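Chemist: Numbering-wise (my numbering), the sequence shown opens with residue 140 and increments by one. Cβ coordinates follow ideal geometry from the N, Cα and C atoms, glycine included. Predicted model, so just to flag it, every value in this text is computed and none were measured. Here it is, the structure, as structure tokens.
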Amino acid sequence: MSLSASKVNQYFRLTVPMMVKNNVPITPPYYTLWYNYTTGDIPKLNQRMDDIIKRLGQCDSLMCDKLLDEFITNAAEDKLLEMQSNINQVVKSMGHSTQNAMSDAEDFNQTLSKDIKIMAQEASQSDAPAAHKIVSIARDFMDKTEHYRSQLEKQNAEIQALKEKIAETEKQMFKDGLTEINNRRKFNEDLAIYTASATDTCLVILDIDHFKPFNDEYGHLLGDKVIQSVARTLELSCAQAQGAQAYRFGGEEFALLLPNADIQTATKFANEVRVRISRLNLTNKKTGQSLRPITTSLGVAQFKPGETLDALLERADQHLYAAKNAGRNCVRPVIPTALAS
């Protein structure tokens, strides 16, 4: 159930300062976590966060990532959309009211200024003390309304800054919290657009090989660094291919969308990505030890006009599993060199 605008505004004003105090970026996933902490809707979450703050002095983004997985992930999207709608409602209402009040104050002051000039002229022609007193009162009142208008201008500037912050936050709704590349929600939107508008669209599904043993061997923190490094490599690769986009599906799985690319072009691109990732040289900063090479398996599928998006995903997944069954660190389907070059 949606909360009242005043209640959402109250929670918003309490939540953001706590996030800043704990050095947590104001992104939708983190805001969702801290919003629930503020409202107390999840008592176990509050208890865990209080324990972390007491023990470490703050609950930073690293700890927030773990708490998000534990308490929020399953319901995050619905909760976030509800809160985003409520926040937008508050800001829109505040901005509209402030603009109206500024306009009314400006109109009133202009009318009052004209009336004061007329009254001052009449008072100068009269020796009646009451006439002079009325002019004095009117001028005092005008000064107060002008001060009120200047306060409204200041409030309006703050609202505009808040609108810009919310616009930036809305962009973050489509970003993966760990890697900062596009998330699954953005993928779903883009896939529908690309398959409807692009001449050809190819989908690449990528999975990091043997990632669980990697986590077990080096620990989850270094595992996260591996995921981030792979994501950066995918993003840099996509920047070199017109229109290509990279997405994190979750865990160690990623996707690439290539509009206006046929299967030969997409498979060649996928293999280039695989090689770039295999050449990453990561080290454990604590020990100086080089991590073992990172390999990936990739499945490629080209959209067929008229097929469902689920069917496209299914074919890409099938090719991904074919790559794994072929020994991993490869791309499927195999395209003859003559066609791929």
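Mind checking Gly389: buried by the 16 CB within 10 Å criterion, or exposed?
Modeler: exposed
Chemist: Rounding to the nearest angstrom, what Cα-Cα distance links Ala215 and Leu206 in this structure?
Modeler: Since pLDDT at Ala215 reaches only 48, below the 50 mark, its modelled position is unreliable, and the value read off the structure follows with that caveat. Rounded to whole angstroms, Ala215 to Leu206 spans 12 Å at the Cα level.
Chemist: So, Asn322 versus Asp315, is the Cβ gap smaller than 8 Å?
Modeler: yes
Chemist: Indicate the three-state DSSP secondary structure (helix, strand or coil) for Ala409 in the structure shown.
Modeler: DSSP places Ala409 within a helical segment (H, G or I) once states are collapsed to three.
Chemist: My parser needs the alpha helix (DSSP H) runs of 4 or more residues fully inside the stretch 311-391; what are they?
Modeler: 323-336, 350-357, 359-378
Chemist: Grouping DSSP H, G and I as helix and E and B as strand, with all else coil, what is Thr177?
Modeler: helix
Chemist: Which same chain residues end up closer than 6 Å to Lys463 when comparing Cβ atoms and leaving out the 5 residues on each side of it in sequence?
Modeler: Residues of the same chain with a CB within less than 6 Å of the CB of Lys463, apart from the 5 flanking positions on each side, are Ser436 in chain order.
Chemist: Kindly confirm or deny that the stretch 370-388 and the stretch 452-466 touch, where touching means at least three C-beta pairs closer than 8 Å.
Modeler: no
Chemist: Could you say which of Asn399, Leu421, Gly196 lies nearest to Ala335 if we only look at CA atoms?
Modeler: Among Asn399, Leu421, Gly196, the Cα nearest to that of Ala335 is on Asn399.
Chemist: Within the continuous alpha helix (DSSP H) that includes Gln457, where are the two ends?
Modeler: 448-464
Chemist: Could you give the distance in angstroms between the alpha-carbon of Arg471 and the alpha-carbon of Leu342?
Modeler: 12 Å
Chemist: Quick check on Val439: does DSSP put it in helix, strand or coil?
Modeler: Three-state DSSP puts Val439 in a strand.
Chemist: What does DSSP give as the partner residues of Pro398 in its beta bridges?
Modeler: Partner(s): Thr340.
Chemist: Please find out if some non-hydrogen atom of the ligand MN comes closer than 7 Å to the beta-carbon of Leu195.
Modeler: Absence of the ligand MN is noted for the structure shown, with no ligands found whatsoever.
Chemist: Is Gly196 close to chain D? Criterion is C-beta to C-beta, closer than 8 Å.
Modeler: No chain D appears in this structure, which consists of one protein chain only.
Chemist: Check Arg194 in the structure and name its three-state DSSP category.
Modeler: helix
Chemist: With a CB to CB cut of under 6 Å and the five nearest residues on each side skipped, what residues in its chain are close to Leu430?
Modeler: Leu421
Chemist: In this structure, how does DSSP classify Thr422 when only helix, strand and coil are distinguished?
Modeler: strand
Chemist: Would you mind working out which of Gln197, Gly466, Ala450, Asp348 sits nearest Asn162, comparing C-alpha positions?
Modeler: Taking only the C-alpha atoms, the option nearest Asn162 is Gln197.
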